[in-house]
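Visitor: Before I ask anything, here is the structure I am working with.
Protein chains in written order, with the numbering used here: chain A, 65 to 311; chain B, 355 to 630.
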């Protein structure tokens, strides 16, 4: 456990080292050194503006993540367990998976205005089909034999769902959640860039206007650090707790 | 009064194959009934119907004077067994792999009883699983998993216990130990047992009465009361004699393509599906 945490750190340190050497060798404004990026990050932090935009983006990520997971999981379960729903919704899902995120974002902004709701709706719409597909696979793989045990022993529907059905879906839920988080924050940045006046995406757009590569990297790393923390403190411990029986 | 009355007029599979046709029998309170029949004769289907897993059937199951199946097979089932009326041991252990042994048992326990009862500890002790209560099924041997599922079947002291070839694919010493444990637990709480097996010798060693089923479509071809006093063992002379006599007197039990038990040299030459 300790070793594996350290080996994660080693790869990051390695990357920083390569970056630093490349920056020194190139000696160009196009690739600032890691140190200058961290100095820039510190300045943005001190001014308070980094935390402000970071918080706004995180709230957007969280809300769209929750909405996409709830709707996607519901559709996935329905499609995995009822063939009629699977057939009915399948074409919509394929369409949803293949329409570029940019198109949905632009259309949402045009139809619903440059509003917060439109932004979150656009992000969720992009993610729902992926969650649904992952959960559908899980629902198809549910062992009917285990459900029969619940039936024979007269467990309530609630108990059958939470104690027998859901645990079989956990690996798929985790897969969907992890991919979801990674994808959603990327889409949120695009949504912010195109139609919001705050958030990390908006800020990156501003920095781009001025070719401020240092700030772009500072914001990117600040956000990546948050995702790392979520992964290390929430996702991984939860996953290993739920997967204890496999060891 | 009979504790359980089974009257299945007809049961067909979704593909149209008739599995059961006019199968009737009953069982007394506390009676140990073995059901013997060739593979594919619908024994598992029969237990699933009695357990209420399979309700697409014409007929009736009466448990303690209460009808358990809807009148017409097309209507939605309404009345069900009260919780804790049935214990079921499947062909496989069917323990939830994500729950520990103890959690698997607690999952099916009556909520009113609470989940930390002395009976749970006593049963785990009796089957030799006390030390493994917090282990996951993956960490247990095949025999230990069956023990856990035996405890799960008994934990609510069900008046009816359904067992579907519960000791198959275990090595003989393990199976024998489990049979002994089963008999001890059965004597303590006296549920009515329907024990499905395709091994006639096992049926004779365990049951008060043996019901013989025909090949598909399944119906009762003979019932036999076993009068040998307990304790009995699979290899007892009395069981051997009865076994040989039954097969001699009722050659129809061997009809069809019955497969012989390789471990039984005396009958090894007889090709039977009921293991003898």
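We put the beta carbon where it would ideally sit given N, CA and C, even for glycine.
#1: Taking only the alpha-carbon atoms, compute the straight-line gap between residue 310(A) and residue 235(A) and give it to the nearest angstrom.
#2: Along the chain, where does the beta strand (DSSP E) that runs through residue 578(B) open and close?
#3: Starting from residue 210(A), find everything on chain B with Cβ-Cβ shorter than 8 Å and list it in chain order.
#4: Which residue spans inside the segment 182-246 of chain A form an unbroken alpha helix (DSSP H) run of at least 4?
#5: For the beta strand (DSSP E) containing residue 412(B), name the first residue and the last one.
#6: Does DSSP put residue 134(A) in a helix, a strand or coil?
#7: Tell me the rounded alpha-carbon separation between residue 614(B) and residue 529(B).
#8: Please go through the same chain and pick out, in chain order, the residues whose beta-carbon is closer than 8 Å to the beta-carbon of residue 287(A), but skip the five residues on each side of it.
#9: Would you grab the beta carbon distance between residue 556(B) and residue 588(B) for me? Rounded to a whole angstrom, and I think it's under 8 Å.
#10: Could you please give the first and the last residue of the uninterrupted alpha helix (DSSP H) stretch that includes residue 465(B)?
#11: Relative to the C-alpha of residue 519(B), which residue among 508(B), 509(B), 512(B) and 532(B) is closest?
#12: Please classify residue 499(B) as buried or exposed, where buried requires at least 16 neighbouring CB atoms within 10 angstroms.
#13: Quick check: what's the CA-CA separation for residue 599(B) versus residue 564(B)?
#14: Spell out whether any CB of chain B is found under 8 Å from the CB atom of residue 228(A).
#15: Going along the chain, which residues of its own chain have a beta-carbon closer than 7 Å to the beta-carbon of residue 597(B), five neighbours each way excluded?
#16: Would you please state the rounded distance, in angstroms, between the beta carbons of residue 257(A) and residue 266(A)? I believe it to be under 8 Å.
#17: Counting only beta-carbon atoms, is residue 231(A) nearer than 8 Å to chain B?
#18: Closer than 6 Å by C-beta to residue 395(B): which residues in its own chain qualify, once you throw out the five before and the five after it? Chain order, please.
#19: Return the first residue and the last residue of the beta strand (DSSP E) that residue 374(B) is part of.
#20: Near residue 222(A), what residues of its chain come up, given a Cβ to Cβ distance below 8 Å and the 5 sequence neighbours on each side ignored?
#21: Check whether chain A comes within 8 Å of residue 462(B), counting only Cβ atoms and requiring the distance to be less than that.
#22: Would you give the residue range spanned by the beta strand (DSSP E) that residue 563(B) belongs to?
#23: In chain A, what lies closer than 9 Å to residue 473(B) by C-beta?
#24: Which residues of the segment 380-405 of chain B have a Cβ closer than 9 Å to any Cβ of chain A? Give them in chain order.
#25: DSSP puts residue 365(B) in a beta bridge; with which residues?
#26: When you compare the CB of residue 147(A) with every CB in chain B, is at least one pair closer than 8 Å?
Guide: Well, looking at it:
#1: 11 Å
#2: 574-579
#3: 448 and 450
#4: 208-216
#5: 412-417
#6: helix
#7: With a pLDDT of 37 at residue 614(B), under the threshold of 50, the predicted position of this residue should be treated as unreliable, though the coordinate-derived value follows. Approximately 19 Å, taken between the alpha carbons.
#8: 118, 121, 249 and 264
#9: 7 Å
#10: From DSSP, residue 465(B) is part of no alpha helix (DSSP H); its letter is neither H nor E.
#11: 532(B)
#12: buried
#13: 14 Å
#14: yes
#15: 554, 555, 558 and 630
#16: 7 Å
#17: yes
#18: 567, 569, 570 and 572
#19: 372-381
#20: none
#21: yes
#22: 563-567
#23: Near residue 473(B) there are no residues of chain A at all, since even the closest Cβ is about 16 Å away, more than 9 Å.
#24: 402 and 405
#25: 374(B)
#26: no
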